[in-house]
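Reading through the structure tokens given below for one structure.
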Ligand code: SF4
Ligand code: SF4
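So, in structure tokens, the structure goes:
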């Protein structure tokens with residue numbers, strides 16, 4: 192049994208690889224991309240997330256927080272992350288669901304049981320399971336247990352990664368996964384470091400490793416206006 196931290200498991204996805212897929216989103220990523228659309232997926236531990244649409248601005252959580260981490264604003268409340276100790280008092284206090292926990296520890300068998308439910312749709316559509324994040328390579332043991340479990344059950348797999356892992360992890364993952372969805376931000380060394388906090392040599396080296404090992408790789412370049420849409424990119 193292997194446990195890992197996930198922030199979502201989404202069934203019937205059609206945007207995370209070929210066919211109909213179950214997408215498992217790992218929580219935790221070593222990169223800090225400026226445009227990350229899932230910033231709550233970055234931390235390597237469960238954390239809390241505010242839901243402004245549910246917040247009435249009553250201020251109960253401000254009074255309840257033992258660390259003074261929630262402050263009032265003109266249109267509701269805001270969290271000061273450096274003060275938060277993840278005690279979850281605010282989650283329990285807000286009766287409107289204005290705070291949620293993001294990330295939960297799950298066992299590999301629990302995730303596999305969820306994936307297996309949709310085998311019939313995978314078979315009909317050429318789909319399977321996709322492991323993304325966050326950065327799935329950051330939880331290698333958990334990722335490999337899931338890939339092995341899918342292979343044992345005849346379920347095709349894809350790993351949606353930014354290539355942020357060491358060589359040994361990449362090679363061990365390459366031996367298990369059917370497909371890599373490889374998100375490359377830019378090949379410019381200076382801009383890559385600025386945009387992600389990671390040297391570009393890491394994802395480029397790992398991409399070469401995958402290709403050299405004859406793995407199926409789809410390289411995707413998310414075009415972010417103002418970040419990587421210059422002519423040089
Ligand atoms: S998050 Fe909940 S408790 Fe806090 S101000 Fe909004 S409604 Fe009130
Ligand atoms: S989790 Fe605890 S410390 Fe963090 S904002 Fe909520 S009440 Fe405050």
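Numbering (this note's numbering), first residue to last: 192 to 424. Note that CB positions come from ideal geometry on N, CA and C, so glycine has one too. Here the structure is a predicted model, which is why all the values come from computation and not from measurement.
- Between the alpha carbons of residue 287 and residue 252 lies a gap of roughly 11 Å.
- Contact between the region 195 to 208 and the region 324 to 337 is present, with at least three C-beta pairs closer than 8 Å.
- Here the alpha carbons of residue 230 and residue 325 stand approximately 9 Å from one another.
- Restricting attention to beta strand (DSSP E) runs no shorter than 3 residues, the region 202 to 234 encloses them at 212 to 217, ordered along the chain.
- Looking only at 296, 280 and 261, the smallest Cα-Cα distance to residue 219 is reached by 296.
- Excluding five sequence positions before and after residue 292, the CB atoms of its chain that fall closer than 7 Å to its own CB belong to 237, 239, 279 and 282, given in chain order.
- Secondary structure at residue 193: coil, using DSSP grouped into helix, strand and coil.
- With a beta-carbon spacing of about 6 Å, residue 208 and residue 370 fall inside the 8 Å limit used to define contacts.
- Going by beta carbons, residue 389 and residue 222 fall inside the 9 Å limit.
- Annotation: the region 343 to 386 contains the following complete segments of the alpha helix (DSSP H) (minimum length 4 residues), in chain order: 358 to 365.
- If you look at residue 280, you'll find it in the alpha helix (DSSP H) that goes 280 to 284.
- In the three-state reduction of the DSSP assignment, residue 332 falls in the helix class, which pools H, G and I.
- For residue 266, no alpha helix (DSSP H) run applies, since DSSP gives it neither H nor E.
- Ligand 1 has no heavy atom closer than 8 Å to the beta-carbon of residue 276.
- Spanning the alpha carbons of residue 211 and residue 321 requires a straight line of approximately 10 Å.
- Put simply, of 357, 414, 341 and 234 the residue whose alpha carbon is nearest the alpha carbon of residue 214 is 341.
- Relative to the non-hydrogen atoms of ligand 1, the Cβ of residue 247 comes within a distance shorter than 8 Å of at least one.
- Taking a C-beta distance under 9 Å as the contact criterion, residue 346 and residue 319 qualify as a contact pair.
- Taking each of 327, 312, 403 and 344 in turn and checking the Cα distance to residue 300, the smallest one comes out for 344.
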